[in-house]
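The structure appears right after this line, and notes come after that.
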Amino acid sequence: MHPATPRRRLTAALAGVSCLFLPLLGSHAATAAVDPAKAAATPAVPFGSHTIPYASGTLKPSGTQSSLDQAVIKTYNAWKSAFVRKNCGNGWYEVISPDADHPYVAEAQGYGMVVTATMAGADPDAKTVFDGMVKYVLAHPSVNNANLLAAEQDSSCKSVDGSDSATDGDLDVAYGLLLADRQWGSGGTYNYKDLAVKHINAIKKSEINPTTHLALLGDWSDSGESHYWMTRSSDWMIDHFRAFRTATGDSSWDTVRTAHQKLITGQQSAYAPSTGLLADFVVNTNGTAKPAPGEVLEGPNDGDYSWNACRDPWRIGADAVTSGDSASLASARKLNSWIKSKTGGNPDKIVSGYRLNGSAFDSGNDMAFTAPFVVTALTDSGSQAWLDALWKKLAGTPVDPDLYYGGSVQLQSMIVASGNYWVP
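In this note's numbering, each residue's number is its place in the sequence shown (first place is 1) plus 36.
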């Protein structure tokens, strides 16, 4: 099988360089006039409605709810202007990734679908853009499972490097389709619910290890392949597994969710008891699972808290605040307690790479590392000042059009922190 080419963060060395300020698009606030043709696209859960509350006790950044929402909309408009494209015709919308190994990667399309469906109501064009993204995804199937997305496309939007899948992208594509079904129903151009269920079933078949119930790296990793007993921590999206269980009625997703939560708790306890940090990659999942011993897929820091695992506080924290699950809360609070202490409450001191014991191996700064901790801060009643400092940092940092990865993580972390995230 042909492994998907690793998507290293090639512009990591540019971290800390002054960001370029983007002129904002015209305001797409929820009160914007919508023409009759768009009336049918009125979302059921419009951005800023806050109709789906978080778990009791969850913090929120200080300030009015309106000011928090407007900060997210400002960042979204800049993100959309920088990265949402119609470069390849065919009615497709794509999210471009200038700092990844290829111009278009599955991870980016998944982010785009989740973000666009969530921002419906603030962006009157959300459904049009979302449908263009769906059309793009359907036009780029994995060679191994046609209900999954090929991981990488070149500048002409042609799938390359084997046309196989990447699990993180597929998880978000399926989740985005479920959000869309809730927002707009499935009676339009695309039956979102049907597409979501097909995608979810394909993930179960081709991207979940049937023995360990843990996420594989992609549909290219089978029992005869050397990465079969390996998993990537940024793919451990607990809230997505909950949504998949609800959408399909398939109880095996409870098994998948529990397996990942046990792995998170076990890895934190055994390998990062004082920090809660997780490694980019965990190996030996068919025995005693452990952080990767050096390079196993992407680079020498595969066993450290690096460019994949940096998303973990956002992903773990998102489940904690939406579900109130005790395991997710405990894992999130461990991460929050460590980083708050490590930095002395100063977000500027968060750097782009740590050993699991908390020592830094990089001195750069990047939103991909800074932003996720705003989500874990929501879970600790004693962290209001820390949360406010993080929020101020995120809201005050313009999206850099050269750094799709950090900008995308920044926006999605802000969506959660502002109280605008929800699980379909």
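We put the beta carbon where it would ideally sit given N, CA and C, even for glycine.
Proximity of residue i and residue j at Cβ, strictly below 8 angstroms
i       : j       : result
Asp-316 : Ser-342 : yes
Ala-142 : Ser-201 : yes
Asn-381 : His-86  : The question names Asn, yet the displayed sequence has Gly at residue 381. For Gly-381 and His-86, no; Cβs fall outside 8 angstroms.
Ile-109 : Ala-77  : no
Thr-465 : Val-459 : Absent from the model: residue 465. The displayed extent of the chain is 37 to 460, so no value can be given.
Lys-163 : Trp-220 : yes
Tyr-228 : Ala-279 : no
Arg-369 : Trp-272 : no
Leu-299 : Val-318 : yes
Thr-225 : Asp-167 : yes
Ser-367 : Asp-275 : no
His-13  : Leu-250 : This structure cannot speak to residue 13, because the chain is shown only from 37 to 460.
Ser-195 : Tyr-440 : no
Glu-188 : His-235 : no
Ala-283 : Leu-214 : yes
Ala-118 : Val-452 : no
Val-170 : Tyr-147 : no
Ser-178 : Ser-199 : yes
Gly-93  : Ser-417 : yes
Ile-244 : Leu-252 : yes
Anticipated Cβ contact below 8 angstroms, residue i with residue j, distance rounded
i       : j       : result
Thr-111 : Met-450 : 6 angstroms
Asp-206 : Leu-185 : 6 angstroms
Gln-145 : Val-209 : 7 angstroms
Val-410 : Ala-396 : About 20 angstroms separates the two Cβ atoms, so there is no contact after all.
Leu-95  : Ala-413 : 7 angstroms
Arg-347 : Ser-270 : 5 angstroms
Tyr-140 : Val-165 : No, Tyr-140 and Val-165 are not in contact; Cβ-Cβ is about 15 angstroms, not under 8 angstroms.
Ser-497 : Asn-320 : Given that the chain is displayed from residue 37 to residue 460, the structure contains no residue 497 and the question cannot be resolved.
Ala-79  : Ala-156 : The sequence given here has Pro at residue 79, not Ala. Right, their Cβ atoms sit about 4 angstroms apart.
Ala-431 : Ala-107 : 4 angstroms
Leu-447 : Val-173 : Leu-447 to Val-173, Cβ: 20 angstroms. No contact.
Buried versus exposed, by CB contacts within 10 Å (16 or more), residue i
i       : result
Asn-113 : buried
Ser-305 : exposed
Thr-309 : According to the sequence displayed, residue 309 carries Pro and not Thr. Burial call: exposed.
Ala-182 : exposed
Ala-68  : Annotation note: pLDDT 42 at Ala-68 (below 50); position unreliable, coordinate value reported separately. Exposed.
Glu-331 : exposed
Asn-393 : exposed
Asp-338 : buried
Thr-154 : buried
Asp-258 : exposed
Gly-442 : buried
Val-445 : buried
Asp-190 : exposed
Pro-327 : buried
Ala-49  : Any reading at Ala-49 must be qualified, since the residue scores a pLDDT of 34, below 50, and its modelled position is unreliable; the value itself is stated next. That one is exposed.
Asp-230 : exposed
Gly-260 : exposed
Tyr-457 : buried
Pro-160 : buried
Asn-123 : exposed
Ser-399 : exposed
Ser-373 : buried
Nearest residue (CA-CA) to residue i, options the options
i       : options                            : result
Lys-429 : Glu-331, Tyr-441, Pro-408, Asp-438 : Pro-408
Gly-323 : Tyr-307, Met-266, Asn-227, Ala-413 : Met-266
Ser-364 : Asp-398, Tyr-264, Lys-122, Arg-293 : Arg-293
Ser-98  : Ser-444, Ser-419, Pro-434          : Ser-419
Phe-277 : Ala-354, Ala-325, Pro-434          : Ala-354
Trp-256 : Thr-247, Thr-203, Thr-154          : Thr-203
Pro-349 : Thr-100, Ala-325, Thr-311, Pro-329 : Thr-311
Ser-102 : Ala-118, Ser-117, Leu-253, Phe-83  : Phe-83
Trp-289 : Tyr-264, Ala-91, Val-452, Pro-246  : Pro-246
Asn-344 : Ser-117, Gly-389, Tyr-307, Asp-424 : Gly-389
Lys-378 : Thr-406, Asp-361, Ser-262          : Thr-406
Pro-437 : Val-120, Thr-248, Thr-100, Ser-287 : Val-120
Tyr-307 : Ala-425, Pro-329, Thr-100          : Pro-329
Asp-286 : Asn-237, Arg-268, His-263, Gly-302 : Asn-237
Asp-340 : Arg-268, Leu-423, Asp-197, Ser-362 : Arg-268
Residue i Cβ short of 7 angstroms to the ligand FMN heavy atom set
i       : result
Ala-156 : Of ligands this structure carries none, so the ligand FMN is not represented either.
Scan the stretch 245-304 and note each continuous alpha helix (DSSP H) run of 4 residues or more that stays entirely inside, going in chain order.
274-284
Curious, which full-length alpha helix (DSSP H) runs of at least 4 residues does the stretch 387-414 contain?
403-406, 409-413
Would you list, in sequence order, the uninterrupted alpha helix (DSSP H) runs of no fewer than 4 residues that lie entirely inside the stretch 336-377?
Complete alpha helix (DSSP H) runs here, min 4: 348-359.
So within the stretch 161-235, which uninterrupted alpha helix (DSSP H) runs reach at least 4 residues, ignoring any that extend past its ends?
Segments of the alpha helix (DSSP H) lying fully in the stretch 161-235: 162-174, 203-220.
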